[in-house]
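Residues are numbered in our numbering as their position in the sequence shown, beginning at 1, plus a constant of 216.
To start, the structure itself, in structure tokens.
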Amino acid sequence: MIIAVLNGPNLNLLGTREPSIYGFETLADIEQSLRQVGDELGVFLEFSQRNGEGELIDCIHALRGRADGVLVNAGAYAHTSLAIRDAFAATAIPFVEVHLSNIFAREPERRHSTLASEALAVLSGFGAFGYELALRGLVRALARD
Ligand code: DQA
């Protein structure tokens, strides 16, 4: 099973970016922990981070027919991007939406996700650990299909 882990804008700065909200773990730390979980579950993980909306869409298109599922933290695009939601709808790849922070407890403009209606599940507020929870949930859901 191949699972893509797709991170959006500004997540390359994790570790130093507003650590009181996003924690001190870097994206490389998250990747390292997820790889251990991936090995435990017997799934192959592919990581990408892009700052541009179009670049993220290109990544989603490139996963068509290749990835079994996606973990996505689209960053601020989660609140605004119909185009990213359309890319998931068009490719029909099951995905779980992840956010480090609890977006529903933040500023009003962050309390809505444009992606959530297409997502298998949404995990928001568990920090970096949320990626692990999301991976376990996604793999279990896909294994049942
Ligand atoms: C985020 C939440 C978004 O509102 C923000 O723009 C991010 C990170 C999170 O992981 O909590 O870039 O997706």
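All C-beta atoms in this analysis are idealised placements derived from N, C-alpha and C, irrespective of residue type, glycine included.
It should be emphasised that the depicted structure is a prediction, and the values quoted were computed from it without experimental measurement.
Asked	Found
DSSP three-state assignment for leucine 358, whether helix, strand or coil	helix
Beta carbon of leucine 316 nearer than 8 Å to that of glycine 285	no
Residues near threonine 330 in its chain [Cβ-Cβ closer than 6 Å; skip 5 each side]	Ser297, Leu298, Arg301
Serine 297 Cβ short of 7 Å to the ligand ADP heavy atom set	Among the ligands in the structure shown, the ligand ADP does not appear; only the ligand DQA can be found there.
Three-way DSSP call (helix, strand, coil) for valine 253 in this model	helix
Limits of the beta strand (DSSP E) - the one that glycine 363 falls within	Summary: the structure shown does not reach residue 363, with the chain confined to residues 217 through 361, and so no result is reported for it.
Residues bridged to alanine 337 [DSSP beta-bridge criterion]	Val312
Element boundaries [beta strand (DSSP E), containing serine 264]	260-265
Cutoff 7 Å; reference arginine 322; Cβ partners in own chain excluding five residues on either side	none
As assigned by DSSP and simplified to three states, the class of glycine 285	strand
Bounding residues of the alpha helix (DSSP H) (the contiguous stretch that carries isoleucine 237)	235-238
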